[in-house]
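In this note's numbering, the protein residues as written are 936 to 1360.
We treat Cβ as the ideally placed atom computed from N, Cα and C, and that holds for glycine.
Written below as C-alpha cells is the structure these notes are about.
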C-alpha cells in the first residue's frame, strides 16, 4: 500500500515542484515589495537582487524540513554575498562585487534561505549608529528622528519594520545587541568561533579578535532556526573550524532556572528608564517561578576593557593596505604588539574562568543585563556626549559598557526586548 502511495505521488512531482516554486516566488516578490515600500523612509537596505523571484528547480526541490526553507534573508553589507556589492559605506569600495559567499551565507543557503539583499552599516562598521556618505542615514522604524543603533543598524531596522524576519549581522563590541535593543527585536551573538567569520569586511583573519557573526530576528524562534541553519555543513571551513552538530535542548522548568540579574553597573552611566525596565523584568521572572539574584560577577572591568580594546585594535589592524606587503611591518604601524596581546589573552582567560564559573558551574542559568545604558537617541554624527537623565556623558561609555564583557570572553549573547519607554523600545 505504501509503495503504491509513493508511486502515485511521484507522478505528481513536477506539478508539486511547480506549486512550491510558485509559493517561493510569491514570498520573494512580497519581500521585495515590502522593501521598496518601506525603505524610502528608513534607508536600511543598500542593495536588492530582483532575480531572487526566479526560483530555480533545485531550490524548489529542497526539503521543506530545512530550517530556513524559502525564508527571505537580508545580509549586513560587511558580509560577502556572491554577486552582490560589499561597500561598508566607503566610497572607494563602490562597485566592489563579492565573488563568493561568506561561509555563513553559504550555510544559510544550504538551509533553504533566499538572500534578497544587503543592509546599511556605518563607515567600516566602526560606530554604534548607522550612517555614511554613500547610502545615507538609517533611521529607527519607531521614530525616524532616532538612530537604530549600529553597526548592524540596517539589519535591525529592516527586521523591526517587517521587511524580513531574519537578517545577518556581526558584532565586535555590541553591533548586534545595541541595534536589536534600539529597534525592539531579538539578536544572537553565538559563542566565539561557533560559526565561521571569514568573508567579512573588516576581515577577521586573526583568531584572537572579538568579531563574531550572528543574526537579528523578529523572535527567539527565528533565532533558533538561524542557529540550526548556521550549524549545517560537513567540511571544515577555511578558518579551520568544523561545524558543530545542532541538537535540540528542551527548556527547563522555570523553577530550575536561576538568573543573575544586573540592572546597572556603577561604571556605566545608565538611564533610569532602563534600570526600571530591567527591575520590572526581574519581577516578571520571579512571578513565573524563576529564581532571580540581583548582583554582578566580580570582574576587573578596567583590565578587561583594556584587553577588549587591544583585541579590537587587532581586528582593525589586519585590514590589508593597497600595495603593502602584509608580512612586513609598515612605518607608523600601531597595531598591538605580541607582548600586549599575550597580556590581553591572560586577562581574557582569567575572566573567562570567573564568568564561566557563574554560568557553567550550575550556579546561574544566565546573566541578564542591559544591552546599553541609553535608549535610542537622535542621530549624532559628531559623537556629541549623550544625555543620561540630565547628565552629559562621553558618547562611547553607555554604549560599550555592557557589551564588551561577553565580546572579550567569547560567551554567547541573546538580546531580547523587555518593554517600551514611552515610545522607543
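Requested in this report: Helix, strand or coil for residue 1111, going by three-state DSSP, please let me know.
Outcome: coil
**Report entry** Given residue 1147 as reference, the closest of 1133, 1154, 1156 once Cα atoms are compared
**Finding:** 1133
**Report entry** Cβ contact check for the region 1236 to 1247 and the region 1279 to 1286: 3 or more pairs under 8 Å
**Finding:** yes
Requested in this report: Answer with buried or exposed for residue 1103, where buried requires no fewer than 16 other C-beta atoms within 10 angstroms of its C-beta.
Outcome: buried
Query raised in the report: Considering only the beta carbon of each residue, do residue 1323 and residue 1219 sit closer than 8 Å?
Result: no
**Report entry** Residue range of the unbroken alpha helix (DSSP H) whose run includes residue 1211
**Finding:** 1207 to 1222
Query raised in the report: What's the gap between the Cα of residue 1000 and the Cα of residue 1313?
Result: 43 Å
Query raised in the report: For residue 1228, does the count of other Cβ atoms within 10 angstroms reach 16, so buried, or fall short, so exposed?
Result: exposed
Query raised in the report: For residue 1102, which three-state DSSP category applies?
Result: strand
Requested in this report: Output the distance between the C-alpha atoms of residue 1177 and residue 1112, rounded to the nearest integer angstrom.
Outcome: 26 Å
Report task. Measure the beta-carbon distance from residue 1053 to residue 1035 and round it to whole angstroms, keeping in mind my assumption that it falls under 8 Å. Result -> About 15 Å; that fails the 8 Å criterion.
Query raised in the report: Which value, in whole angstroms, describes the spacing of the CA atoms of residue 1357 and residue 1209?
Result: 12 Å
Query raised in the report: Applying the criterion that 16 or more other CB atoms from any shown protein chain within 10 Å of the CB defines a buried residue, is residue 1302 buried or exposed?
Result: buried
**Report entry** Pairwise C-alpha distance: residue 1130 and residue 1081
**Finding:** 32 Å
Report task. Find out if the Cβ-Cβ distance for the pair residue 1293, residue 1195 is shorter than 8 Å. Result -> yes
Report task. Label residue 944 either buried or exposed according to how many other C-beta atoms from any shown protein chain fall within 10 Å of its C-beta, with 16 as the threshold for buried. Result -> Legend: pLDDT at residue 944 = 47, less than 50; position of this residue unreliable, value from coordinates given subsequently. With fewer than 16 other Cβ atoms within 10 Å, it is exposed.
Requested in this report: Quick one: residues in its chain with C-beta nearer than 6 Å to the C-beta of residue 1351, no 5 flanking neighbours on either side, listed in chain order?
Outcome: 1121
Query raised in the report: Should residue 1335 go down as buried or exposed, given a rule of 16 or more other Cβ atoms within 10 Å for buried?
Result: buried
Query - Among 1106, 1155, 1135, 1139, nearest to residue 1119 - alpha-carbon criterion - result: 1155
**Report entry** Whole-angstrom C-beta distance between residue 1068 and residue 1011, which should lie under 8 Å
**Finding:** Actually they are not in contact, since the Cβ atoms of residue 1011 and residue 1068 sit about 18 Å apart, beyond 8 Å.
Query raised in the report: By how many angstroms is the C-alpha of residue 1215 removed from the C-alpha of residue 1223?
Result: 13 Å
Report task. Please confirm whether residue 1019 and residue 982 have their CB atoms less than 8 Å apart. Result -> yes
Query raised in the report: DSSP beta-bridge partners for residue 1326?
Result: 1323
**Report entry** Test item: CB-CB of residue 1091 and residue 1117 under 8 Å
**Finding:** yes
**Report entry** Burial state of residue 1079 (16 or more Cβ within 10 Å)
**Finding:** exposed
Query - Own chain residues within Cβ distance below 7 Å of residue 1248, not counting five before or after - result: 1270, 1271
Requested in this report: Write down the C-beta distance between residue 1098 and residue 959 rounded to the nearest angstrom, noting that I regard them as a contact closer than 8 Å.
Outcome: Wrong, their Cβ atoms sit about 17 Å apart, outside the cutoff.
Requested in this report: Please list, in chain order, all residues of the same chain as residue 1354 whose beta carbon is under 6 Å from its beta carbon, the five residues on each side excluded.
Outcome: 1212
Query raised in the report: Less than 8 Å separating the beta-carbons of residue 1359 and residue 1320?
Result: no
Query raised in the report: What span of residues does the beta strand (DSSP E) with residue 1122 cover, start to end?
Result: 1121 to 1124
Query - Pairwise C-alpha distance: residue 1021 and residue 1015 - result: 6 Å
Query raised in the report: Looking only at C-alpha atoms, which of 1031, 967, 1327, 975 sits nearest to residue 988?
Result: 967
Query raised in the report: If you count every other CB in all the chains shown that lies within 10 Å of the CB of residue 1273, and 16 or more means buried, which is it?
Result: exposed
Report task. Under 8 Å by Cβ, that's how I've got residue 1343 and residue 1145 pegged, so tell me the actual separation to the nearest angstrom. Result -> 6 Å
Requested in this report: Have a look at 1183, 1198, 1181, 1217 and flag the residue whose alpha-carbon is nearest the alpha-carbon of residue 1192.
Outcome: 1217
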